[in-house]
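Participant:
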Amino acid sequence: MRNFIIAGNWKMNTTPTTGVELARSISDHIPPHTGVKVLLFPPATHLSHFQQEFNEADFEYGGQNVHWENSGAYTGEFSPEMLLELGCKWVIVGHSERRKFFGETDQSVNKRLLNTLNSSLSPILCIGETLTERESNLTYEVLERQIKVALENLTDENAERLVVAYEPVWAIGTGHTATTDQAQEAHHFIRNVLAQCFSGELANNIVVQYGGSVNAGNALELMSCPDVDGALIGGASLKPDEFIRIIEIADSLGG
Ligand code: PGA
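Numbering (our numbering), first residue to last: 5 to 259.
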């Protein structure tokens, strides 16, 4: 049984002060006793404030990136231990913006993922094809490569904490969401590739979120797809009313 995960990726938005305000306005309106897991990914500068303010909140939070080593001369990076000490339970690994702007590769994503799973953090692994790749009919080849390289040397045991987010790059921040057919087909394919990497039972239990221009207007149809288990949300997660509405929709679909 997979529960919905609704995650807000704030990217490089808000300051520590306005971020705490935003998180509070979300936290205050999360439906009580929901089966939906709510996650927030603020910038790293906010995390110690989150630890002070949201220890008891109905959401969990995490970092937008993590390194493959635990310490050393890696300017600008941080380790799982650093995130854990600030109360993080989660981390995003391999977001397409990290791949595009910061040289992240399938191999470095694999290393970051392995180090995450060596700690007690849970990763959201982001995968997705570019527009050129989709138009060249390479979508499934790309997804399969991204998954298989990222998951190299993972075991059934440590992969229990893995979450995957399918985020077609052409849908991120563009307002062009995948159709329900495109999303369901990709998610179904991803689940089949996961079943080649892990036991069938584990593959069936891994949450696969959709991401890319999800908003309160399209969340219902996207999350009604049988293999879509929630959403990773950028722009709409900065608007508390809209983000809460998406959580309510997931809740209405059974949590
Ligand atoms: P978006 O971003 O919702 O603004 O498209 C999604 C993401 O990058 O995770």
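Even glycine gets a Cβ: it sits at the ideal position worked out from N, Cα and C.
1. Ends of the beta strand (DSSP E) at residue 204?
2. Would you mind working out which of 181, 98, 222 and 29 sits nearest residue 166, comparing C-alpha positions?
3. What residues match up with residue 64 in a beta bridge as DSSP calls it?
4. Looking only at its own chain, which residues have a Cβ that is under 6 Å from the Cβ of residue 135, when we skip the five neighbours before and after it?
5. Whole angstroms are fine: how far does the CA of residue 220 sit from the CA of residue 249?
6. Which one or two residues does DSSP pair with residue 127 in a beta bridge?
7. By DSSP, does residue 170 sit in helix, in strand, or in coil?
8. So, do the region 142-157 and the region 62-82 have three or more beta carbon pairs nearer to each other than 8 Å?
9. So, does the region 45-53 touch the region 18-25, judging by three or more C-beta pairs under 8 Å?
10. Beta strand (DSSP E) containing residue 12: first to last residue?
11. Let me make sure I understand the geometry here. Which of 179, 46, 152 and 252 has the alpha-carbon closest to that of residue 111?
12. Quick check on residue 78: does DSSP put it in helix, strand or coil?
13. Mind the definition here: the region 21-39 touches the region 237-249 only if three or more C-beta pairs lie below 8 Å; say whether that holds.
14. Contact defined as beta carbons within less than 8 Å: I believe residue 113 pairs with residue 163. What is the distance between those atoms, to the nearest angstrom?
15. Residue 183: which of 62, 158, 216 and 198 sits nearest, CA to CA?
16. Mind checking whether the beta-carbon of residue 98 lies closer than 8 Å to any heavy atom of the ligand PGA?
17. For residue 148, which residues from the same chain have a beta carbon less than 6 Å from its beta carbon, with the 5 sequence-adjacent residues on both sides left out?
Facilitator: Once the coordinates are examined:
1. Within the sequence shown, numbered from 1, the residue matching residue 204 stands at position 200. Taken as a continuous stretch (DSSP letters only), residue 204 belongs to no beta strand (DSSP E), being part of the alpha helix (DSSP H) at 204-209.
2. The residue you call residue 166 lines up with position 162 of the sequence shown. Comparing Cα positions, the closest option is 98.
3. Numbered from its first residue, the sequence shown carries residue 64 at position 60. Looking at the DSSP assignment, residue 64 forms a beta bridge with 43.
4. For the purposes of this step, residue 135 is taken as the residue at position 131 of the sequence shown. Counting only Cβ-Cβ distances below 6 Å, and skipping sequence neighbours, we find 174.
5. For the purposes of this step, residue 249 is identified with residue 245 of the sequence shown, where counting begins at 1. For the purposes of this step, residue 220 is identified with residue 216 of the sequence shown, where counting begins at 1. Residue 249 and residue 220: Cα-Cα distance of roughly 6 Å.
6. Within the sequence shown, residue 127 is the residue found at index 123, counting from 1. In the DSSP output, where bridge partners are listed per residue, residue 127 has 95.
7. Translated into positions along the sequence shown, residue 170 becomes position 166. It is a strand residue.
8. Contact between the region 142-157 and the region 62-82 is absent: fewer than 3 CB-CB pairs across the two stretches fall below 8 Å.
9. The region 45-53 vs the region 18-25: in contact.
10. Here residue 12 refers to the residue found at position 8 when the sequence shown is read from its first residue. Its beta strand (DSSP E) spans residues 9-13.
11. By 1-based counting over the sequence shown, the position of residue 111 is 107. Closest by C-alpha distance to residue 111, out of 179, 46, 152 and 252, is 152.
12. For the purposes of this step, residue 78 is identified with residue 74 of the sequence shown, where counting begins at 1. Here residue 78 sits in coil by DSSP.
13. Contact between the region 21-39 and the region 237-249 is established, with three or more Cβ pairs separated by less than 8 Å.
14. By one-based count along the sequence shown, residue 113 stands at place 109. By one-based count along the sequence shown, residue 163 stands at place 159. Distance from residue 113 to residue 163 at the Cβ level is roughly 14 Å; contact not present, criterion being Cβ atoms closer than 8 Å.
15. As a first step, residue 183 must be located in the sequence shown, where it is residue number 179. Checking every option, the nearest Cα to that of residue 183 belongs to 216.
16. To locate residue 98, count along the sequence shown from 1; it is residue 94. The answer is no for residue 98.
17. As a working mapping, residue 148 is identified with position 144 in the sequence shown. 197.
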